[in-house]
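*Asks:* Just so you know, this note's numbering puts 64 at position 63 of the sequence shown, and the rest follows in order with no gaps.
Don't be surprised by glycine CBs; every beta carbon is placed ideally from N, CA and C.
Here it is: the structure, laid out below.
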Amino acid sequence: MLTDHLPHGDGLVAHGFVRELGARGHELHVAAGGVDLRDPLPANVHVHRLRGPVRDARGGRLGFMRQVRALYRRLAAEGPFDLAHQLNPVDVGLSLALAGERVPVVLGPYVPDWAPSGAGADGAVGPAALRLKAVLRAAQQRRAAAVLLSTAAATPKLARGAAGRLGVHELPPGIDDRAWCPAERAAGQDVLFLANLEVRKGIHVLLDAFARLSGELPAARLLVAGLGPEEERVRRRVRESPELRRVELLGRVERDSVMAAMQACDVYCLPSYGEPYGMTALEAMACGRPVVGTAAGGLQHLVPDAGGRKVPVGDSGALAAALAELLGDPGLRRSMGEHNRALVEQRYAWTRVATRLEEVYEEALSRAR
């Protein structure tokens, strides 16, 4: 997927990479199974929409790979490519469509998988699918010139022995720090949760935590933005629990309104069961907000100690304590928000990420030579 406005994490991240590289003058050919763009890309970015989804139980993946190979050969006959880069999701084998071609391949950034089992794993990838992914991953990495990891949490995605053969780099997805920015507001005690309403996103742990601290902080509010399979259960809990009377269910927030929601809160909270990366946490950081998350998955590496708090997965008591600490200390929230904004500018701005990616490309070309 390639999109600049839909709530589609991989599609938005891919668009960020493509837009920034295009703005730097690179000639790009982008093969995608779905394209939904509001704004045009630079003239040197050529988008090729291929037929059918990549994930199709009826053999659509192999069909998509055949289309990729045919497109590559047609374009390569007009002029050689320097590199081929498969963006996330990587564990679908698409780069194997170029097996036998001489072009160096860059893979990633990889993100960790959700836990295959256990509490909060609804909708997670099953063990059989994980084994298949591992086989594809090893095959892809055997011929790759470089591999990118979103955070250290994705290190298990490296195939056995791959680290010694490959150029492995940590390169997180970026954010447009010119578009995502802080805004002044009167200090309050508003906590924002913005995610799909799924068990694995930690929504029920957050409700438990907020019920614990509602008596201690009578002015605190919890703003829940999003829809999902747990929506009715969440509504019932809020309706029936006196401790949750200051929980406001906002429903779906359109992509264009996400930044305003981030700017309007005092603390952003994402208590997921092993969030693979956490783009909404990064968006909150860009808006100068402190983040309370879990010490698991990508969040344990994304959220800095000076910019928020990380608690054990599923621990509503620890989550309540972390929220109470931040809600009760406006100065701490301010310093954390300022730290997060500075970190975004230094590490996560697309201009910074794209510069590091160009360095990876140079190294991959050198290794190929």
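Can you tell me where the beta strand (DSSP E) with Arg310 in it begins and where it stops?
*Replies:* Translated into positions along the sequence shown, residue 310 becomes position 309. Looking at the DSSP string, the run of the beta strand (DSSP E) that includes Arg310 is 309-312.
*Asks:* Could you pull out every residue in the same chain whose Cβ sits closer than 6 Å to the Cβ of Pro272, ignoring the five residues on either side in sequence?
*Replies:* As a working note, residue 272 is residue 271 in the sequence shown. Answer for Pro272: Gly203, Val206, Leu207, Thr295, Leu320, listed in chain order.
*Asks:* According to DSSP, simplified to helix, strand and coil, what is Pro157?
*Replies:* As a position in the sequence shown, residue 157 is number 156, starting the count at 1. Of the three classes helix, strand and coil, the one that applies to Pro157 here is helix, per DSSP.
*Asks:* Where DSSP assigns a beta bridge to Glu21, which residues make up the other side?
*Replies:* Here the question's residue 21 lines up with position 20 in the sequence shown. Paired residues: none, contrary to the question.
*Asks:* Indicate the three-state DSSP secondary structure (helix, strand or coil) for Glu276 in the structure shown.
*Replies:* The residue labelled residue 276 in the question sits at position 275 within the sequence shown. Looking at Glu276 - three-state DSSP - the assignment turns out to be coil, as it is neither helix nor strand.
*Asks:* Just verifying my parser: in three-state terms, what is the DSSP assignment at Pro90?
*Replies:* For the purposes of this step, residue 90 is taken as residue 89 along the sequence shown, with counting starting at 1. Pro90: coil per DSSP, three-state reduction.
*Asks:* Enumerate, from N- to C-terminal direction, the unbroken beta strand (DSSP E) stretches of 3 or more residues contained entirely within the stretch 26-88.
*Replies:* Whole beta strand (DSSP E) segments, 3+ residues: 29-33, 46-50, 85-87.
*Asks:* Quick one: grab the DSSP three-state call for Leu366.
*Replies:* One-based indexing of the sequence shown puts residue 366 at position 365. It is helical.
*Asks:* Which of the three DSSP states is assigned to Phe222 in this structure?
*Replies:* Translated into positions along the sequence shown, residue 222 becomes position 221. The amino acid at residue 222 is misidentified as Phe; the sequence shows Arg. Reduced to three states, the DSSP call for Arg222 is strand.
*Asks:* Grouping DSSP H, G and I as helix and E and B as strand, with all else coil, what is Leu271?
*Replies:* Here residue 271 corresponds to residue number 270 of the sequence shown, with the count starting at 1. Three-state result, Leu271: strand.
*Asks:* Between the alpha carbons of Gly119 and Val314, how many angstroms are there, rounded?
*Replies:* What you label residue 119 is simply residue 118 of the sequence shown in a count that begins at 1. What you label residue 314 is simply residue 313 of the sequence shown in a count that begins at 1. With a pLDDT of only 49 at Gly119, under the threshold of 50, the placement of this residue in the model should not be trusted; the figure read from the coordinates follows. Distance between the alpha carbons of Gly119 and Val314: 12 Å.
*Asks:* Here's a check: name, in chain order, each residue in its chain whose Cβ is nearer than 8 Å to the Cβ of Leu167, leaving out the five neighbours to either side.
*Replies:* Indexing the sequence shown from 1 puts residue 167 at position 166. Correct list, in chain order: Gln142, Ala145, Ala146, Ala147, Val148, Leu159.
*Asks:* So Gly332 is in the alpha helix (DSSP H); what residue range does that whole segment cover?
*Replies:* Along the sequence shown, one-based indexing puts residue 332 at 331. Where Gly332 is concerned, the enclosing alpha helix (DSSP H) stretches over 331-344.
*Asks:* Please tell me whether Val192 and Val239 are closer than 7 Å, where the distance is taken between their beta carbons.
*Replies:* For the purposes of this step, residue 192 is identified with residue 191 of the sequence shown, where counting begins at 1. For the purposes of this step, residue 239 is identified with residue 238 of the sequence shown, where counting begins at 1. No, they are not a contact pair.
*Asks:* Count the other CB atoms within 10 Å of the CB of Gln347; is the residue buried (16 or more) or exposed (fewer)?
*Replies:* Position 346 of the sequence shown, counted from the start, is the residue given in the question as residue 347. With fewer than 16 other Cβ atoms within 10 Å, it is exposed.
*Asks:* If Gly224 and Glu249 are in contact, beta carbons under 8 Å, what's the gap, nearest whole angstrom?
*Replies:* Here the question's residue 224 lines up with position 223 in the sequence shown. Here the question's residue 249 lines up with position 248 in the sequence shown. The sequence shown places Leu at residue 224, rather than the Gly named in the question. 5 Å between Cβ atoms; contact.
*Asks:* Whose CA, out of Glu364, His16, Cys182, lies closest to the CA of Asn89?
*Replies:* As a working mapping, residue 89 is identified with position 88 in the sequence shown. Looking at the Cα atoms, His16 is the closest of the given residues.
*Asks:* With a threshold of 16 other CB atoms inside 10 Å of the CB of His86, please say whether the residue is buried or exposed.
*Replies:* In the sequence shown, counting from the first residue as 1, residue 86 sits at position 85. Flag for His86 reads buried.
*Asks:* Mind checking if Ala350 is an interface residue toward chain B, Cβ cutoff 7 Å exclusive?
*Replies:* As a matter of chain content, chain B is missing from the structure shown, which is built from one protein chain.
*Asks:* In chain order, what residues of the same chain have a beta carbon less than 6 Å from the beta carbon of Asn341, not counting five sequence neighbours either side?
*Replies:* Locating residue 341 in the sequence shown gives position 340, where the first residue counts as 1. Here the set comprises Met286, Gly308.
*Asks:* At which residues does the beta strand (DSSP E) containing Val192 begin and terminate?
*Replies:* Stepping through the sequence shown from its first residue, residue 192 is reached at position 191. Residues 191-195.
*Asks:* Please check the pair Leu228 and Gly252, which I expect to be a contact at CB under 8 Å, by giving their CB distance rounded to whole angstroms.
*Replies:* The sequence position of residue 228 within the sequence shown is 227, counting from 1. The sequence position of residue 252 within the sequence shown is 251, counting from 1. So it is a contact: roughly 6 Å between Cβ atoms.
*Asks:* Pair every Cβ in the stretch 232-246 with every Cβ in the stretch 256-266, then say whether three or more of these pairs are closer than 8 Å.
*Replies:* In short, these stretches do not touch, since the Cβ pair count stays below three.
*Asks:* Are Arg70 and Ala32 close, meaning C-beta to C-beta below 7 Å?
*Replies:* Position 69 of the sequence shown holds residue 70. Position 31 of the sequence shown holds residue 32. Not in contact: Arg70 and Ala32 (Cβ atoms no closer than 7 Å).
*Asks:* Find out if the Cβ-Cβ distance for the pair Gly289, Pro183 is shorter than 7 Å.
*Replies:* For the purposes of this step, residue 289 is taken as residue 288 along the sequence shown, with counting starting at 1. For the purposes of this step, residue 183 is taken as residue 182 along the sequence shown, with counting starting at 1. Cβ atoms of Gly289 and Pro183: closer than 7 Å.
*Asks:* What would DSSP say about Pro291, mapped onto helix, strand or coil?
*Replies:* In the sequence shown, counting from the first residue as 1, residue 291 sits at position 290. Pro291: coil per DSSP, three-state reduction.
*Asks:* On the DSSP letters alone, give me the boundaries of the alpha helix (DSSP H) that Gly318 sits inside.
*Replies:* Start at 1 with the first residue of the sequence shown, and residue 318 comes out as number 317. From DSSP, the alpha helix (DSSP H) with Gly318 extends over 317-328.
*Asks:* Just the Cα atoms here: how many angstroms apart are Pro331 and Leu195?
*Replies:* Position 330 of the sequence shown, counting from 1, holds the residue named residue 331. Position 194 of the sequence shown, counting from 1, holds the residue named residue 195. In a straight line, the C-alpha of Pro331 is about 22 Å away from that of Leu195.
*Asks:* Quick one: what does DSSP say His6 is sitting in, helix, strand or coil?
*Replies:* Residue numbering aside, residue 6 sits at position 5 when the sequence shown is read from its first letter. Of the three classes helix, strand and coil, the one that applies to His6 here is coil, per DSSP.
*Asks:* For the alpha helix (DSSP H) that Glu233 lies in, which residues bound it at each end?
*Replies:* Within the sequence shown, the letter at position 232 stands for residue 233. Here the alpha helix (DSSP H) through Glu233 covers 232-241.
*Asks:* What number of angstroms, rounded off, separates the C-alpha of Leu300 from the C-alpha of Ala343?
*Replies:* The sequence position of residue 300 within the sequence shown is 299, counting from 1. The sequence position of residue 343 within the sequence shown is 342, counting from 1. Leu300 and Ala343: Cα-Cα distance of roughly 18 Å.
*Asks:* Within 10 angstroms of its Cβ, does Ser258 collect 16 or more other Cβ (buried), or is it exposed?
*Replies:* As a first step, residue 258 must be located in the sequence shown, where it is residue number 257. Exposed: under 16 other Cβ atoms inside 10 Å.
*Asks:* Around the Cβ of Glu276, are there at least 16 other Cβ atoms within 10 angstroms (buried) or fewer (exposed)?
*Replies:* Residue 276 sits at position 275 when you count from the first residue of the sequence shown. Buried: at least 16 other Cβ atoms inside 10 Å.
*Asks:* Whose C-alpha, out of Ile176, Leu245, Ala355, is nearest the C-alpha of Ala24?
*Replies:* For the purposes of this step, residue 24 is identified with residue 23 of the sequence shown, where counting begins at 1. Cα-wise, what sits closest to Ala24 is Ala355.
*Asks:* For Ala188, report the span of its beta strand (DSSP E) as first-last.
*Replies:* Start at 1 with the first residue of the sequence shown, and residue 188 comes out as number 187. Premise fails: Ala188 is in no beta strand (DSSP E) and is neither H nor E.
*Asks:* Do the CB positions of Ser317 and Ala210 come within less than 7 Å of each other?
*Replies:* The sequence position of residue 317 within the sequence shown is 316, counting from 1. The sequence position of residue 210 within the sequence shown is 209, counting from 1. In this structure, Ala210 lies closer than 7 Å to Ser317 by Cβ.
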